[in-house]
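Going down the list, the protein sequences come from chains A and B. If you read the first sequence in the working numbering, its first letter stands for residue 1, the second for the next number, and so on. If you read the second sequence in the working numbering, its first letter stands for residue 1001, the second for the next number, and so on. Even for Gly, the Cβ is constructed at its ideal location relative to N, Cα and C. Notes to accompany the following structure.
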Amino acid sequence: MRPPEPYHVGAFPTLVSTWNLKGHPCEEIVIDMIENWKDVGQHRLVKGGDSSYITGDEQFLGDKRLVDLWKTMQSCCDTYTEEAGIDYALISTSWFNTLGQGGTVEAHRHERSVISGAYYPYAEEGSNPLMLESPLQALRMNDCIIKSTNFNRYDMDVPVHQGVLVIFPSWLKHYVKPNDSKKRYVISFNTIRLADRGYIKTVKDYRIEKHESNNT
Amino acid sequence: MKATIPEEQFRKADYLLFPTLVQVWNLEDHADQKLVVETMESFSDETLMKWPVDIGKGKTSSRYFDVVSKTHKTANFLDREEFKIIKQDIQNCVDEYCMTCGLEQAVIAKSWFNIQEEDGHVNEHRHELSIVSGAYYPYCDKDSAPIVFTSPVLGPKMAEVHNNATEFTADKMEFVPKTGMLVLFPSWLYHRSLYNKSKKRLTISFNTHHIKVDK
């Protein structure tokens, strides 16, 4: 007996959204800022590259010159949270990483953040993708996988092109394999619940607050 | 899998990553359905085991009392000779589930039945040592309790407050059983059946294993 076609449910998926922001008015400024930024150093997760993540309270996107970019990204965050059905999240910390040839970022997640983002203002052709790890991998100890499908894959690679913004839940582990290009810039950011903003004075909402920076 | 980034400026693309496949089949018109029900109901209350309270409330053939040997035994209910055809048909569904998931074939191994009356329920559990599990309902009164799956990604969501029910915020997913329904799901997925409001809810549950040692 051949029963009627089954009803499939892809239950409990994880939402990842991408935007193409290539040509954003802040694109040239942000590349110039990254290339001339003084406070860069080594980060334990970043090999073969530099990071502006030094103190853990970075506000790279808080620079006055990047307010329009901040607003664009915040708007993307709002779209993401609405679609996902979670509380609005406000961009909190932000920093950049640069990777050269062979540079990597070890697998990590962003604790104490709601959603996170990665924006690539510059990525040469051949720049390696952002790899997202399946949270279900640990559960599949009995499975014998013979073909990669949407239901069993252990990771997903998001291609990195100039202008791409990726937003994902902060608990999702991610990493970068050894980079094949000479130059790959990424601005990363974390968020807090908008409702918690009152507790954290360093976080600004530039949609309603005036910028305090003297940077021009 | 490689995501495709939209080329147009400011275009957005969504990816629904790492979903868990739950597959529902309709075997309502199966020729052996009546026979299955009759066989289940032929077991006397004395022979069936009652679920311990930490597991739930209901009768099960998972362990039964053999009146001849006067001992408790386990038996694979679907291995009975008269169920050869329906077992094969369920196996065909499991084969398709495995193909859709990209898994090596998994064959039906342990199988048992549960009888739930009013207030019958099964607490949350998963099926260790198995690959794909299934619940086949040869008979269910209207308004029988649903099988409820718990999200496997609930654990990491400690920084989120959910304010809208979407498929991304769902922490539970319910499937209301109907006579003839077969639900297939990964054995690692936690599930339970809520307190039953109907008089009769019959389930055959089963586990599977791979027949090859490695890929």
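Boundaries of the beta strand (DSSP E) in which K71 of chain A is found, first to last residue: Careful: K71 of chain A lies outside any beta strand (DSSP E), inside the alpha helix (DSSP H) at V67 to A84.
Tell me whether L1078 of chain B sits in a helix, a strand or coil according to DSSP, three-state version. helix
Answer yes or no: does any C-beta atom of chain A fall closer than 8 Å to that of I1108 of chain B? no
Alpha-carbon spacing of S1062 of chain B relative to E1082 of chain B, whole angstroms: 19 Å
Give a yes or no on whether the minimum CB-CB distance between H1125 of chain B and chain A is below 8 Å. no
Below 9 Å on C-beta distance, what does V114 of chain A contact in chain B? A1159, E1160 and V1161
Mind checking if Y1015 of chain B is an interface residue toward chain A, Cβ cutoff 8 Å exclusive? yes
Cα-Cα, which of B:P1177, B:H1210 and B:F1185 is closest to K1197 of chain B? B:P1177
Flag this pair as yes or no: are the beta carbons of F1206 of chain B and S1111 of chain B separated by less than 8 Å? yes
Roughly how many whole angstroms lie between the Cα atoms of V46 of chain A and V40 of chain A? 12 Å
Within its chain, find whatever has a CB closer than 7 Å to the CB of V164 of chain A; leave out the 5 residues flanking it on each side and keep chain order. T18, N20 and Y120
Does the pairing of the region 162–176 of chain A with the region 1143–1160 of chain B give three or more beta-carbon distances under 8 Å? yes
Do the region 1015–1026 of chain B and the region 143–153 of chain A meet, that is, are 3 or more Cβ pairs less than 8 Å apart? yes
Give me the Cβ distance between V1161 of chain B and G1056 of chain B, rounded to the nearest whole Å; I'm assuming they're in contact under 8 Å. In fact, because the Cβ distance is near 32 Å, the residues do not count as touching under 8 Å.
Can you find a C-beta in chain A that's less than 8 Å from the C-beta of C1140 of chain B? no
Is there at least one Cβ from chain A nearer than 8 Å to F1206 of chain B's Cβ? no
What's the call for N215 of chain A, buried or exposed, on a 16-neighbour Cβ count within 10 Å? Reliability of the predicted coordinates at N215 of chain A is poor, the pLDDT of 49 falling under 50, and the value obtained from them is presented with this limitation in mind. Burial call: exposed.
DSSP three-state call for T216 of chain A: helix, strand or coil? With a pLDDT of 45 at T216 of chain A, under the threshold of 50, the predicted position of this residue should be treated as unreliable, though the coordinate-derived value follows. Here T216 of chain A sits in coil by DSSP.
C-beta contact flag for I1204 of chain B and L1078 of chain B at 8 Å: yes
Taking a cut of 7 Å between CB atoms, which residues from the region 97–122 of chain A lie near chain B? R112, S113 and V114
Cβ of I1147 of chain B less than 8 Å from any chain A Cβ? no
CB contact below 8 Å: C26 of chain A versus chain B: no
Roughly how many angstroms separate the alpha carbons of L99 of chain A and K38 of chain A, rounded to a whole number? 16 Å
If I'm right that Y122 of chain A touches I29 of chain A with Cβ under 8 Å, what's the distance once you round it to whole angstroms? Not quite, the Cβ-Cβ distance comes to about 12 Å (not below 8 Å), so this is no contact.
Chain-ordered chain B contacts of F151 of chain A [CB-CB under 8 Å]: P1019, T1020, L1021, T1100, C1101 and G1102
Any idea if I1211 of chain B is buried or exposed, counting beta-carbon neighbours within 10 angstroms, 16 or more meaning buried? exposed
Same chain only: Cβ atoms within 8 Å of F1180 of chain B, ignoring 5 sequence neighbours per side: Note that residue 1180 of chain B corresponds to Gly in the displayed sequence, not to Phe. Excluding positions up to five away in sequence, the list reads N1026, L1027, E1028, D1029, H1030, Q1033, Y1137 and P1138.
Could you list which residues in chain A have their beta carbon closer than 7 Å to that of E1167 of chain B, in chain order? P13
Mind checking the region 161–195 of chain A against chain B and listing, in chain order, the residues whose C-beta falls within less than 7 Å of any C-beta there? H161, V164, S170, W171 and R193
Would you say P1177 of chain B lies against chain A (beta-carbon separation less than 8 Å)? no
Please state if the CB of S1193 of chain B and the CB of H1127 of chain B are separated by a distance shorter than 8 Å. no
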